[in-house]
Structure formats: C-alpha cells, structure tokens
Amino acid sequence: MKDNHDKIISIVGYEIGNPQISDGSLCSNEKVNILRFTDAVNALEHFKINRKDYALMVSDLRMPVINGVQLLKTVKDLNPSARTVLTTDFEYDNKLIQEYTRKRIINGLLQKPVEPHELVTEVRKQIDILAGLSKKLS
C-alpha cells in the first residue's frame, strides 16, 4: 500500500475485537490504524466518513441492528477496493454468504471461535492482497 496517508483496519464485534491481540501483531505497518467497534452502526458511521482510508473491515455475522453480511455489503458498495472478512459460528452453507463470497463482497471467512493467530493470519493475508492489487494498478 503505497499511500502517504494512514489506512484503517476495523474489527467489528464483541468476540473478535479481542484486546489480547495487539494492534502491532495484526499489522506492523505504522501507516495502518487498527480500530475496534462493538457496535456495527458506529462502525458503519465511521466507515462512511473515512471510506477512502479503509483497507479492511473484519466483522462478526451476529450483531444487533445491522448484521455482518449487511455491514460488509454496504462497505463494498461504498468502497469496492476495501477488503472484507466475515466471522461466523455458523457453517458456511448459508446461500447468501456463499453468493457474497463468490461475488467478492466477502473476501475472507473465519469460523468462530476465532483463535488470535487465525485473525492475525487473515488480516495479514488481506493486507498483502490489497498491497498486490495496488501495485498492479500503479
């Protein structure tokens, strides 16, 4: 990601916003800010204001008001280049999740309970993919 301004990674949900996982272990790039939200509505409001700066949003499926699928669909509608990861304790046979994964609205899936190393690995993978896409475009 060759940008002169900071990028944002947000983690949305009670369980996956685990404070035991340090921001530095999620992403060692100093130009990346890690934000944690327990409320999807607040996360979406922040995203709307800062959509151009978002690199990645990781969201739990089950949340009140706006579920993770709705949240990530809105993220992709507003910034198609942002990467998205959904965490769920359901099996991946849900037709909407499969469709959104096929359409690349959801870029990654993690089965709960999410182990810290799994979240770190997936965040790094998505950031690497985004960096690769940025290089291809420049």
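Counted the way the working numbering counts, the sequence shown spans residues 38 to 175. Don't be surprised by glycine CBs; every beta carbon is placed ideally from N, CA and C.
Contact between the segment 71-78 and the segment 149-157 is absent: fewer than three C-beta pairs spanning the two stretches fall below 8 Å. Inside the segment 75-107, DSSP marks whole beta strand (DSSP E) runs of 3 or more residues at positions 91-97, from first to last along the chain. Closest in alpha carbon position to Lys-89, among Asp-97, Asn-116 and Leu-133, is Asn-116. Annotation: the continuous alpha helix (DSSP H) that includes Arg-139 extends over 132-139.
In this structure, the alpha-carbon of Phe-127 lies about 15 Å from that of Ile-143. DSSP places Ile-48 within a strand segment (E or B) once states are collapsed to three. One alpha carbon belongs to Tyr-91, the other to Glu-82, and they sit about 13 Å apart. Under the 10 Å beta carbon count, Ser-118 is surrounded by fewer than 16 other beta carbons and is classified as exposed. Approximately 6 Å separates the beta-carbon atoms of Gly-50 and Met-100; this is inside 8 Å, confirming the contact. Taking 8 Å as the cut-off, the beta carbon of Thr-121 is found closer than this to the beta carbon of Val-112.
Assignment of beta-bridge partners to Gln-148 by DSSP yields Thr-125.
Within its own chain, the residues whose Cβ lies closer than 8 Å to the Cβ of Leu-167, once the five positions on either side in sequence are excluded, are Met-38, Ala-92, Leu-93, Ser-118 and Arg-120, listed in chain order. For the set Gly-145, Lys-110, Ile-46 and Asn-131, the Cα lying nearest the Cα of Lys-68 is the one of Ile-46. Its chain contains Ile-143 as the residues whose beta carbon lies nearer than 6 Å to that of Tyr-137, once the 5 sequence neighbours on both sides are disregarded; these appear in chain order. Between the alpha carbons of Gln-135 and Phe-84 lies a distance of about 24 Å.
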